[in-house]
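Novice: For reference, the structure I am asking about is given below.
Numbering (our numbering), first residue to last: 723 to 1147.
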């Protein structure tokens, strides 16, 4: 098959409509979709008809639990992978992929890594954690195998000091991992004055913030930084970055999915590879905006920019706090690492907010004068905790500076729960 990412719109639509109707034909074998589509005429005549299908909210599926998800299975026999989702939300649930579908995930991941510049000549230190039921560990290795590069299975399953020993010993030119892991490695390398010749950094799972990329660039100034791909366990692979994509910009992985944007800006994804547990018009919790014009790489596949996640906006009584506001302020202090966590508690009818931030400099830990300066900066730059503090009924607003790696990681993946909101528990 020709590369759909360089094809004209009509060719893409013909391919996607055929794949979509194949998925729908299989989907109605599951009781969930059979009931959902009982009044809808299938097959669809055009991609525009996709809008006649109901949107599925993954949060609603999580609330209904595993019984609902099992009603989405189109078969009960045959090989499959079972993966988990919800590691950072604290609500772990499971999804199934057929063995052939998982291979397609890996093919899509490999395409994205090659598009952003990973080649067979690279020596890649894979620092993804080998976590139970996590797609990242298996799919990353399979994708790197498809590319044909040299793979160092470093993982993130040992102390960072040991990781540095391996990196010093093996001298990779490319690092692959999630953002908190990459930052922790960079912190330790800087602290030990270890000069690693890193040329490429591929980050998975969660985007690098501007502050994180700035910090990593200061440690590895020759490196380029690219997303290893954008996707969701519920929906599969969605987007990839080419060499010209920056920040949270992605091309749509057109053979694998159809992407829509709701009136409110939410991304809606239909997988074209998931048949065992179809994901059709699923809201996955991110907001996007479309990018205009054609990319310099020559690909015709549409591009989108990921915006703030709904769970990265802390709603208060009068207004709200965006995590990027906090990150921007913390990035002004060289003593800090770009890794933080916000905890919100209730004290009677008032709110307490604690921002825990990891130190880049050991001397910064428990530095109360520095904490006071950070607190003042946040109050000046974020109205919700400054000018509007009383309106938001904030009883206490504290900054705690803790050692590098001091914020607990999700055991399975190594990710960080950036917001712990105890108000609704």
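Virtual Cβ for every residue (Gly too), placed ideally from N, Cα, C.
Tell me whether residue 1067 sits in a helix, a strand or coil according to DSSP, three-state version.
Specialist: Strand, per DSSP.
Novice: Which class does residue 951 belong to by DSSP, given the choice of helix, strand or coil?
Specialist: Of the three classes helix, strand and coil, the one that applies to residue 951 here is coil, per DSSP.
Novice: By Cβ distance, which residues of its chain are closer than 6 Å to residue 1149, with the 5 residues on each side in sequence left out?
Specialist: Given a span of 723 to 1147 for the chain in the structure shown, any question on residue 1149 remains unanswerable.
Novice: For residue 872, name the three-state secondary structure that DSSP assigns.
Specialist: It is a strand residue.
Novice: Taking Cβ positions, are residue 1114 and residue 1039 nearer each other than 8 Å?
Specialist: Yes, they are a contact pair.
Novice: List in chain order: all unbroken alpha helix (DSSP H) runs of 4+ residues lying wholly within the stretch 907-968.
Specialist: For the stretch 907-968, whole alpha helix (DSSP H) runs of length 4 or above, ordered along the chain, are 932-941.
Novice: Taking DSSP as the reference, what is the three-state secondary structure of residue 769?
Specialist: Three-state DSSP puts residue 769 in a helix.
Novice: With residue 818 as the anchor, note down where its beta strand (DSSP E) starts and where it stops.
Specialist: 815-820 is the span of the beta strand (DSSP E), which, as asked, contains residue 818.
Novice: Tell me the DSSP secondary structure of residue 1107 in three-state form.
Specialist: Three-state result, residue 1107: helix.
Novice: Go ahead and label residue 848 buried or exposed: buried means 16 or more other beta carbons lie within 10 angstroms of its beta carbon, across all protein chains shown.
Specialist: When all chains shown are included, residue 848 counts as buried.
Novice: Shortest alpha-carbon distance to residue 904 belongs to which of 974, 1011, 926?
Specialist: Minimum Cα distance to residue 904 is reached at 926.
Novice: Quickly, what does DSSP pair residue 973 with across the bridge? List them, please.
Specialist: For residue 973, which the question treats as bridged, DSSP gives the partners 962, 1025.
Novice: Flag this pair as touching only if the stretch 836-847 and the stretch 889-899 have three or more C-beta atom pairs under 8 Å; answer yes or no.
Specialist: The stretch 836-847, when compared against the stretch 889-899, does touch it at the 8 Å Cβ threshold.
Novice: Just to confirm before moving on: does the CB-CB distance between residue 997 and residue 823 stay below 8 Å?
Specialist: Yes; because the gap between Cβ atoms is below 8 Å, this pair is in contact.
Novice: Which of the three DSSP states is assigned to residue 978 in this structure?
Specialist: In this structure, residue 978 counts as coil in the three-state DSSP scheme.
Novice: Helix, strand or coil, according to DSSP, for residue 803 in the structure here?
Specialist: Reduced to three states, the DSSP call for residue 803 is strand.
Novice: Go to residue 882, then tell me how far its beta strand (DSSP E) extends in each direction, as first and last residue.
Specialist: Careful: residue 882 lies outside any beta strand (DSSP E), inside the alpha helix (DSSP H) at 882-892.
Novice: Just the C-alpha distance for residue 1097 and residue 909, rounded to the nearest angstrom, thanks.
Specialist: Taking the straight line joining both Cα atoms gives about 23 Å.
Novice: Does the count of Cβ pairs from the stretch 1112-1127 and the stretch 1066-1076 closer than 8 Å reach three?
Specialist: Yes, the stretch 1112-1127 is in contact with the stretch 1066-1076.
Novice: Identify, in the order they occur along the chain, each residue of the same chain with its Cβ nearer than 8 Å to the Cβ of residue 944, setting aside the five sequence neighbours on each side.
Specialist: Only 919, 920, 921 meet the Cβ criterion.
Novice: Of the residues 1146, 1059, 1107, 1019, which one's Cα is nearest the Cα of residue 837?
Specialist: Among 1146, 1059, 1107, 1019, the Cα nearest to that of residue 837 is on 1019.
Novice: Short of 7 Å in beta carbon distance, which residues of its chain neighbour residue 1106, apart from the five on each side in sequence? Order them along the chain.
Specialist: These residues qualify, in order along the chain: 1038, 1041, 1042, 1043, 1114.
Novice: Do the stretch 862-875 and the stretch 827-836 make contact, defined as three or more Cβ pairs closer than 8 Å?
Specialist: Taking 8 Å as the limit for Cβ pairs, the verdict is that the stretch 827-836 does touch the stretch 862-875.
Novice: Would you report the Cα separation of residue 915 and residue 924, rounded to the nearest angstrom?
Specialist: Looking at the two C-alpha atoms, the distance is approximately 22 Å.
Novice: Output needed for residue 802: all residues of its chain with C-beta closer than 8 Å, excluding positions within five of it in sequence on either side, in chain order.
Specialist: Closer than 8 Å at Cβ, skipping near neighbours: 818, 819, 820, 821, 998.
Novice: Going along the chain, which residues of its own chain have a beta-carbon closer than 6 Å to the beta-carbon of residue 982, five neighbours each way excluded?
Specialist: For residue 982, where only same-chain residues beyond five positions count, the Cβ hits under 6 Å are 990.
Novice: Which first and last residues belong to the beta strand (DSSP E) in which residue 1081 is found?
Specialist: Residue 1081 -> beta strand (DSSP E) spans 1072-1081.
Novice: Excluding five sequence neighbours on each side, which residues of the same chain lie with their C-beta closer than 7 Å to the C-beta of residue 1151?
Specialist: The structure shown does not extend to residue 1151, since the chain is modelled only from 723 to 1147, so the question has no answer here.
Novice: Quick check on DSSP: helix, strand or coil for residue 1062?
Specialist: In the structure shown, residue 1062 sits in a strand (DSSP, three-state: E or B).
Novice: With distance defined between alpha-carbon atoms, name the residue in 902, 901, 874, 900 nearest to residue 890.
Specialist: If we check each option's Cα against that of residue 890, 874 comes out closest.
Novice: With residue 1002 and residue 1029 assumed to form a contact (beta carbons below 8 Å), what rounded beta-carbon distance in angstroms separates them?
Specialist: Residue 1002 to residue 1029, Cβ: 23 Å. No contact.
Novice: Are there 16 or more other CB atoms within 10 angstroms of the CB of residue 1008, so buried, or fewer, so exposed?
Specialist: Residue 1008 comes out buried.
Novice: Consult DSSP for residue 1093 and reduce its assignment to one of helix, strand or coil.
Specialist: If DSSP states are grouped into helix, strand and coil, residue 1093 belongs with the helices.
Novice: For the candidate residues 1026, 725, 1049, whose alpha-carbon lies nearest to that of residue 833?
Specialist: Nearest C-alpha to residue 833: 725.
Novice: Could you pull the DSSP bridge partners for residue 898 from this structure?
Specialist: DSSP output for residue 898 lists 848, 924 as bridge partner(s).
Novice: How is the alpha helix (DSSP H) around residue 753 delimited, first residue to last?
Specialist: Run containing residue 753: 753-758, per the alpha helix (DSSP H) assignment.
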